[in-house]
Amino acid sequence: MAMSRLAFALSVSAVAGAAASARSVSAQETLGSLARKRGVYVGAAVGGAFWGGDARYRETLKREFNIMVAENAMKFDQVEPKRNQFSWKQADDLAAFAQANGMALRGHNLVWHQSSGWIEAATGMERADMLTALKTHIDSVVGRYRGRILEWDVVNEAVDDNAGLRNTFWRQRIGDDYLDSAFTWAHKADPAALLFYNDYSGEGMGGKSDRIYALMKGMKDRGVPIHGVGLQCHFAASKSFSATDIDKNMKRLGALGLRVSITELDFRVTLPADSAGLAIQRDNYALLLNACLANPNCKSFLTWGFTDAYSWVPGFFPGTGDALPFDKDYKPKPAYDGMKRVLADVTAIRNRNGPGRGALRAAGAALGGIRNALGRWLGLAD
Ligand code: XIL
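Take 2 as the starting number for the sequence shown in our numbering and just add one per residue.
Right, dumping it as structure tokens:
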């Protein structure tokens, strides 16, 4: 889609006009304090370092964010290591920390084909027994944190990379209806929690996100209690990503009555990172946060970890890393400043309902233009 000259002028002036407010983001403000003012949640996944000796980890977490999620501590194999035997220590620690520091909590996750321990290994389990075990798991975990979880990832990654229903052991042993059952039981166990389907590679438009959309529509039509879609967003900063497509996907899911949350964001760069790579990363963080703020059904924005000292990225995508807003010494990176400036920018609020919105959309269509403009803006005080 070509962008008109007028729309481009509007988009650049919208971004440039934000520079004044951007420059004045107070050093006292954090991502979480700015998010609170906007009525949204900005947070991060919390991993094993939470229980390590480095005090900076917890300090940064509570200072900077108003929502958190367990990177692993609430997964099936962690909370139920043996059938009907639950291990709550780490999950309880995180829930208590969130509560003590006034942070919201996401739950991740109840049904996945990974990290599922004994139930995946129990290859002989038949449908009825699987359903009983799944219901017990959901009742126990969701019930324990009832009233304390804002959003639960009920089912994780149920669509495969060819846009079919992933042939997981859950599907093989129960059938396609395992999804409906999981959401129904989770809703009974905590009627106040917002229930999410969470996946990767379906953030923008395309075959996989079409399939996710169809899955969601089917559930809504059947009256299954589902409230949102989690967009994982494990992205490479060097590859182009389309904020326009993500915006479109957010809007079509919104039209179904669903929320969208950015659930596991990281923008990996090729190592060793250079300043150009970190500047692209900053612009990408800012663009994606801006897309979220421009859509009223997007209220939660979480990165998968927060310091480059602890991240799954280098292990999973060898040769890449430095994907998060804080460096290995907990120093804020350009990406952090980019996010703060977007959060502080009144333009994004205007874009929600006002005349600025069309300009934003058009700007997104010519991603190169907006990225350059945004880059100039974000680079102002560098
Ligand atoms: C990852 C964790 O970061 C790792 O520590 C763990 O070894 C494997 O799982 N999608 C998800 C997350 O939904 O749960 C995954 O987390 C990353 C991909």
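Even for Gly, the Cβ is constructed at its ideal location relative to N, Cα and C.
The model shown is predicted, which means the values in this text are computed figures rather than measured ones.
- The nearest non-hydrogen atom of the ligand XIL is 7 Å or more from the C-beta of Y311.
- Here V143 is actually not in contact with R107; their C-beta atoms are around 13 Å apart, not less than 8 Å.
- In this structure, the beta-carbon distance from W305 to D248 does not fall below 8 Å.
- Annotation for Y311: G48 and A50 place their beta carbon closer than 7 Å to its own, counting only its chain and skipping 5 residues before and after.
- In the DSSP assignment, G44 forms a beta bridge with I68 and L303.
- Within the same chain, W119 and A134 come within 7 Å of R84 by CB-CB distance, once the 5 residues on both sides are set aside.
- Each of P335, T308, N168 and R37 was checked against the Cα of A45, and the nearest Cα belongs to T308.
- Note that the C-beta distance between E158 and W113 is below 8 Å.
- Within a 10 Å sphere around the beta-carbon of T124 sit fewer than 16 other beta-carbons, which makes this residue exposed.
- Beta bridge pairing from DSSP links D200 with L232.
- Beyond the five residues adjoining it in sequence on each side, A237 comes within less than 6 Å, by CB distance, of R269 in the same chain, given in chain order.
- S276 sits in a helix when the DSSP states are folded into three classes.
- Looking only at A97, G258, C293 and G316, the smallest Cα-Cα distance to G219 is reached by G258.
- In the three-state reduction of the DSSP assignment, A237 falls in the strand class.
- Inclusion of T264 and L288 in the CB contact set at 8 Å is not warranted, their separation being larger than that value.
- DSSP, read as helix, strand or coil, puts A92 in helix.
- Nearest neighbour of F302 by Cα position, chosen from A99, H228, K63 and L344, turns out to be L344.
- Going by DSSP, G339 is part of the alpha helix (DSSP H) stretching over P335 to A345.
- For N296, the Cβ stays outside the 7 Å cut-off from all heavy atoms of the ligand XIL.
- With a 10 Å radius around the Cβ and a threshold of 16 neighbouring Cβ atoms, G316 comes out exposed.
- Within the model, the alpha-carbon separation for F184 versus H109 is close to 14 Å.
- Taking a 10 Å sphere around the C-beta of A56, we find fewer than 16 other C-beta atoms and assign the residue as exposed.
- In this structure, the beta-carbon distance from R260 to D191 does not fall below 8 Å.
- For the set E81, A215 and N73, the Cα lying nearest the Cα of L95 is the one of N73.
- Closer than 7 Å to some heavy atom of the ligand XIL: that does not describe the Cβ of Y58.
- For the set G322, G255 and E65, the Cα lying nearest the Cα of G278 is the one of G322.
- Within the chosen limit of 7 Å, the ligand XIL does not reach the beta carbon of G176 with any heavy atom.
- Note: N298 is not bridge-paired with any residue in the DSSP secondary-structure output.
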